[in-house]
Amino acid sequence: MNLLEADLSTLRLVPLKEGYIPAILDIEQVVNGAPWSYKSFTNELDHDHGIFKVAILDAIVVGYAALWLLVDEAHITTVAIAPDYQRRGIGRLLTIEILNEARDRGMLSATLEVRAGNEAAISLYENLGFKNVAVRKGYYPDNREDAVVMWLYDLDSWSDK
Ligand SMILES: CC(C)(COP(=O)(O)OP(=O)(O)OC[C@H]1O[C@@H](n2cnc3c(N)ncnc32)[C@H](O)[C@@H]1OP(=O)(O)O)[C@@H](O)C(=O)NCCC(=O)NCCS
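Residue numbering for the sequence shown follows my numbering, starting at 49 and increasing by one per position.
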């Protein structure tokens, strides 16, 4: 079956479990220029000031998204979709899921940093209402790429259109 034609009716967005981490690391290696370590993911299991959701399609880990809850701000730390499953709406669904949960847990705004050349991610976030508010020059240590700082204000009254 062509993956683009496969439907998402069996897609589940579930909390991170340790058993998902090997599959997450496989995705991380191919989509993230500065991949997180195994320990970085296990750290996400051990605190309650974060939200980490994993997308499972037909028993396959296809993506994940996470944020930290810092006072009243939701800081998105990662959103990633396996290459074979991109452009099917899963990244958008995952991001909406974590933002909705952050809002329901009392966060008033959301923010993130994204590589200036990452047009796909910037478009995803802009479509959800994030605004480009600043640039951090040379922010990424692997290639000194600039970071765009984005904010979604009024998360408390936000909903995806
Ligand atoms: C960015 C990423 C998470 C998007 O996930 P995805 O599931 O492919 O995205 P979706 O199918 O949900 O698309 C949602 C929106 O994102 C934008 N988008 C996604 N892929 C895009 C691309 N290749 N080019 C341009 N815009 C793109 C579009 O605005 C799209 O809306 P549209 O389909 O109505 O045009 C995915 O490309 C990815 O994992 N990239 C590598 C990791 C990464 O860069 N993460 C972000 C770190 S800040």
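Glycine included, each C-beta is placed from N, C-alpha and C at the ideal position.
Under the three-state reduction of DSSP, K101 is assigned to strand. Taking C-beta atoms as the reference points, L115 and I124 count as a pair closer than 7 Å. A residue is called buried once 16 or more other Cβ atoms fall within 10 Å of its Cβ, and T126 is buried on that count. The region 182-190 makes no contact with the region 144-160: fewer than 3 CB pairs, one atom from each, lie closer than 8 Å. Judged by DSSP in its simplified three-state form, T58 adopts coil rather than helix or strand. For V78, the three-state secondary structure derived from DSSP is helix. Under the three-state reduction of DSSP output, Y112 falls in the strand class. E145 and D208 have their C-alpha atoms roughly 10 Å apart. Taken atom to atom, the span from the alpha-carbon of G111 to that of A103 is near 5 Å. By the C-beta density criterion, E66 is exposed, having fewer than 16 other C-beta atoms within 10 angstroms. When C-beta atoms of the region 129-148 are compared with those of the region 80-90, fewer than three pairs fall below 8 Å, so the two segments do not count as touching.
Around the beta carbon of R151, a 10 Å sphere encloses 16 or more other beta carbons of the protein chains shown; the residue is thus reported as buried. DSSP places S157 in the strand class (E or B) of the three-state scheme.
Annotation: A168 to D94 spans about 31 Å, alpha carbon to alpha carbon.
Under the three-state reduction of DSSP output, L147 falls in the helix class. In this structure, the alpha-carbon of G186 lies about 33 Å from that of R153.
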